[in-house]
Amino acid sequence: MKGREIALFGISLVAGLTGGFSLRKKKQPQPSESPLFYVGTWQFVDPHNQRRHRLAISPNLDVQIDDHPLQVRVQDLNEQQLTFQDKFGYHLTIHANERQPISFFDEADDCTYAVKPLTDKND
Numbered sequence: 001m002k003g004r005e006i007a008l009f010g011i012s013l014v015a016g017l018t019g020g021f022s023l024r025k026k027k028q029p030q031p032s033e034s035p036l037f038y039v040g041t042w043q044f045v046d047p048h049n050q051r052r053h054r055l056a057i058s059p060n061l062d063v064q065i066d067d068h069p070l071q072v073r074v075q076d077l078n079e080q081q082l083t084f085q086d087k088f089g090y091h092l093t094i095h096a097n098e099r100q101p102i103s104f105f106d107e108a109d110d111c112t113y114a115v116k117p118l119t120d121k122n123d
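With the first letter of the sequence shown counted as 1, position 16 gets the number 16 in my numbering; the numbers rise by one all the way through.
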């Protein structure tokens with residue numbers, strides 16, 4: 001009986017440990033999905049000249065404004081904001097609500113712009 005109890009305990013222990021690992025594996029993909037939250041094409045209006053612009057973020061987090069690539073690197077990424085730093089050291093911070101980006105702050109211009117998804121109707 002004791003050998004059988006030890007074997008059952010061992011099986012329970014292994015099952016418990018592997019179950020814990022599978023739970024951790026399920027939780028890890030969530031951060032990797034975060035960049036996709038920001039991916040898309042967005043429009044914003046410059047308040048100084050009322051000109052409409054296009055902000056595009058690719059799945060690998062390349063950034064373009066009006067089809068011009070920006071040389072940036074990701075500095076911070078979470079569910080509330082995505083922050084890039086450009087080659088001059090300025091920050092571009094995209095703020096989001098629970099569904100999508102809603103604004104971005106351009107440190108170089110010291111200006112915050114409201115963004116909306118760019119659709120064919122708005123283009």
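For every residue, glycine included, the Cβ atom is placed at its ideal position computed from N, Cα and C.
If contacts are defined as beta-carbon pairs under 8 Å, then residue i and residue j qualify, I think. What distance do you get, rounded to the angstrom?
{"i": "F44", "j": "A114", "result": "6 Å"}
{"i": "V72", "j": "I57", "result": "So it is not a contact: roughly 10 Å between Cβ atoms."}
Here's a check: name, in chain order, each residue in its chain whose Cβ is nearer than 7 Å to the Cβ of residue i, leaving out the five neighbours to either side.
{"i": "D62", "result": "P69"}
Along the chain, where does the beta strand (DSSP E) containing residue i start, and where does it finish?
{"i": "H48", "result": "Element bounds for H48: n/a, residue is neither H nor E."}
{"i": "F105", "result": "101 to 106"}
{"i": "L55", "result": "52 to 57"}
For the candidate residues the options, whose alpha-carbon lies nearest to that of residue i?
{"i": "D66", "options": "D76, R51, P101", "result": "R51"}
{"i": "E107", "options": "H53, Q85, V39, N49", "result": "Q85"}
{"i": "P47", "options": "D110, P117, L118, H91", "result": "D110"}
{"i": "A96", "options": "K87, F88, K116", "result": "K116"}
In chain order, what residues of the same chain lie with their CB nearer than 6 Å to the CB of residue i, ignoring the 5 residues before and after it?
{"i": "T112", "result": "S103, F105"}
Is the beta carbon of residue j closer than 8 Å to that of residue i?
{"i": "I94", "j": "Q81", "result": "yes"}
{"i": "L118", "j": "T41", "result": "yes"}
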